[in-house]
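Colleague:
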Amino acid sequence: MINILLNKKTKTEVVLVFENKLPEEVKALKKAKLFSGKSGEIYTDLQVKRDGVIYLGLGSNKKFDNEELRNAGFKLGKALV
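For the sequence shown, the tail end lands on 80 under numbering that gives the first Met the number 0, and the numbers increase by one without skipping.
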């Protein structure tokens, strides 16, 4: 798992997630069918006055390559604009 922190008045953490290696905090999201870690999938928990988190799916770590990362990053950038 890779974490990216952007520091301003609040922190927003981007957590990169493989669908076959979900962190414990993401398993509840999968169970609720909110986020599964598929390539380019995004789940956000952003609040105006507190720290937030963005989960970005990378698909399977067995199929992961630079192109998957580029595509997922593009989808994240597009969602943030």
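Cβ atoms here follow ideal geometry from the backbone N, Cα and C, with glycine treated the same way. It should be emphasised that the depicted structure is a prediction, and the values quoted were computed from it without experimental measurement.
1) Among Lys-10, Lys-20, Thr-11 and Glu-12, which residue has its Cα nearest to the Cα of Leu-57?
2) Which residues bound the alpha helix (DSSP H) around Leu-68?
3) Cβ of Ser-59 within 7 Å of Cβ of Glu-24?
4) Spatial neighbours of Lys-74 within its chain, please: C-beta separation below 7 Å, excluding the five flanking residues on both sides.
5) According to DSSP, Asp-50 sits in a beta bridge with which residue or residues?
6) Looking only at its own chain, which residues have a Cβ that is under 6 Å from the Cβ of Leu-45, when we skip the five neighbours before and after it?
7) If we count the other Cβ atoms within 10 Å of its Cβ and call it buried at 16 or more, is Gly-76 buried or exposed?
Modeller: Per the coordinate set shown:
1) Taking only the C-alpha atoms, the option nearest Leu-57 is Lys-20.
2) 65 to 79
3) no
4) Gly-39 and Ile-41
5) For Asp-50, DSSP assigns no beta-bridge partner whatsoever.
6) If we look at Leu-45 and ignore the five residues flanking it on each side, its Cβ neighbours are Gly-51.
7) exposed
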